[in-house]
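In the working numbering, the protein residues as written are 67 to 355.
Cβ coordinates follow ideal geometry from the N, Cα and C atoms, glycine included.
Computed from a prediction, not measured in an experiment: that's the story for all the values here.
Below, the structure is given as structure tokens:
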């Protein structure tokens, strides 16, 4: 299980236990199955109306993805790229094809296969960038589904509260404060459930999925950089150090906008391509290490 997810789940349970034991005279007041049903089934009904059936059914699989401790195997991808590149520089095509069968990363395997088929570098990078964009869009839609559920849950909590208030108003004329207080407590519990589910379940899952997407995109960009260097027949040792630096500093590159050291030194392949598309002179061969 993912350690941070486990910590969050334990902390959430402890929070609820503390609230129920120390903040209420009767902990059972926080248990209201009809109110919970209104929030849960109302949220699911609205979600089914908003999304196709196949996307809603993926909710349960995505919950499992968040709970599972998923590894990216960044170092393994670097090692595979360097090993294949070393064979490629030797022009040992048969060895490259044999090594390709043992590559686990399908994105890396596609890139290497295109390289050994002598596909132009621009076409390879365009295809890989398209696959990254497709993955980003697909997983952003999955995270958005949970954000939509997080917006529905408090709304159905308010609906449950209104239902409870209507019942309370119906007996308000009796003047029985004990019964009125009980109905008011039940009415407020649905709002409690809606806010709780939105902020302790749906929104955290959405954030977790978004962070997972960022990490996967970073890995794919690293692989794409390695494929570009392999196409340019860069030294395997240089490739290893570049990709290790890429992986080590990816958080700074995402959040601080820091420019990779390789790009600043003038041989970053994507910088040259962007410069050529913009009509500007790219980095010269003399500026390369």
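Inset, instruction - State the Cα-Cα distance for the pair residue 261 and residue 71, rounded to the nearest angstrom. - result: Position 195 of the chain shown holds residue 261. Position 5 of the chain shown holds residue 71. The C-alpha of residue 261 lies about 19 Å from the C-alpha of residue 71.
Inset, instruction - Could you tell me which uninterrupted beta strand (DSSP E) segments, each at least 3 residues in length, are contained entirely in the region 76-122, listed from first to last along the chain? - result: Fully contained in the region 76-122 is no beta strand (DSSP E) run of length 3 or more.
Legend entry - Inter-residue CB distance, residue 234 and residue 109 (contact presumed, cutoff 8 Å): In the chain shown, counting from the first residue as 1, residue 234 sits at position 168. In the chain shown, counting from the first residue as 1, residue 109 sits at position 43. Contact flag wrong, Cβ pair sits at about 24 Å.
Inset, instruction - Output the boundary residues of the alpha helix (DSSP H) element that contains residue 172. - result: Position 106 of the chain shown, counting from 1, holds the residue named residue 172. Run containing residue 172: 172-182, per the alpha helix (DSSP H) assignment.
Inset, instruction - Measuring alpha carbon to alpha carbon, tell me which of 225, 299, 274 ends up nearest residue 136. - result: Working through the chain shown from its first residue, we reach residue 136 at position 70. Answer by Cα proximity: 274.
Legend entry - residue 151 versus residue 300: straight-line alpha-carbon distance, rounded: Looking up residue 151 in the chain shown gives position 85. Looking up residue 300 in the chain shown gives position 234. Straight-line spacing of the CA atoms in residue 151 and residue 300 works out to 8 Å.
Inset, instruction - Compare the beta carbon distance of residue 206 and residue 174 with 9 Å and say whether it is the shorter of the two. - result: In the chain shown, residue 206 corresponds to position 140, counting from 1. In the chain shown, residue 174 corresponds to position 108, counting from 1. Note that the C-beta distance between residue 206 and residue 174 is not below 9 Å.
Inset, instruction - Please say whether residue 219 and residue 263 have beta carbons closer to each other than 9 Å? - result: The residue you call residue 263 lines up with position 197 of the chain shown. The residue you call residue 219 lines up with position 153 of the chain shown. The Cβ atoms of residue 263 and residue 219 lie closer than 9 Å to each other.
Inset, instruction - Measure the alpha-carbon distance for residue 190 versus residue 98 and round it to whole angstroms. - result: Here residue 190 refers to the residue found at position 124 when the chain shown is read from its first residue. Here residue 98 refers to the residue found at position 32 when the chain shown is read from its first residue. Taking the straight line joining both Cα atoms gives about 57 Å.
Legend entry - Rounded C-alpha distance that separates residue 243 from residue 229: Residue numbering aside, residue 243 sits at position 177 when the chain shown is read from its first letter. Residue numbering aside, residue 229 sits at position 163 when the chain shown is read from its first letter. C-alpha of residue 243 to C-alpha of residue 229: approximately 18 Å in a straight line.
Inset, instruction - Compute the Euclidean distance between the alpha carbons of residue 256 and residue 96, then round it to the nearest angstrom. - result: As a working mapping, residue 256 is identified with position 190 in the chain shown. As a working mapping, residue 96 is identified with position 30 in the chain shown. Answer to the nearest angstrom: the Cα atoms are 10 Å apart.
Inset, instruction - Output the distance between the C-alpha atoms of residue 128 and residue 250, rounded to the nearest integer angstrom. - result: Walking along the chain shown from the start, residue 128 turns up at place 62. Walking along the chain shown from the start, residue 250 turns up at place 184. Take the alpha-carbon of residue 128 and the one of residue 250: they are about 36 Å apart.
Legend entry - DSSP-derived helix/strand/coil call for residue 220: Within the chain shown, the letter at position 154 stands for residue 220. Reduced to three states, the DSSP call for residue 220 is helix.
Inset, instruction - Count the CB pairs spanning the region 288-304 and the region 115-133 that are closer than 8 Å, and state whether there are at least three. - result: No: fewer than three Cβ pairs fall under 8 Å.
Inset, instruction - Please classify residue 324: does DSSP put it in a helix, a strand, or coil? - result: Walking along the chain shown from the start, residue 324 turns up at place 258. Residue placement at residue 324 is flagged as unreliable, the pLDDT there being 40, under the threshold of 50; a coordinate-derived value is accordingly withheld.
Inset, instruction - Pull up the distance between the alpha-carbon of residue 296 and that of residue 124, whole angstroms please. - result: What you label residue 296 is simply residue 230 of the chain shown in a count that begins at 1. What you label residue 124 is simply residue 58 of the chain shown in a count that begins at 1. Whole-angstrom Cα-Cα distance: 37 Å.
Legend entry - Local Cβ density within 10 Å of residue 154, reported as buried at 16 or more and exposed below that: Residue numbering aside, residue 154 sits at position 88 when the chain shown is read from its first letter. The residue is buried, with at least 16 neighbouring Cβ atoms inside 10 Å.
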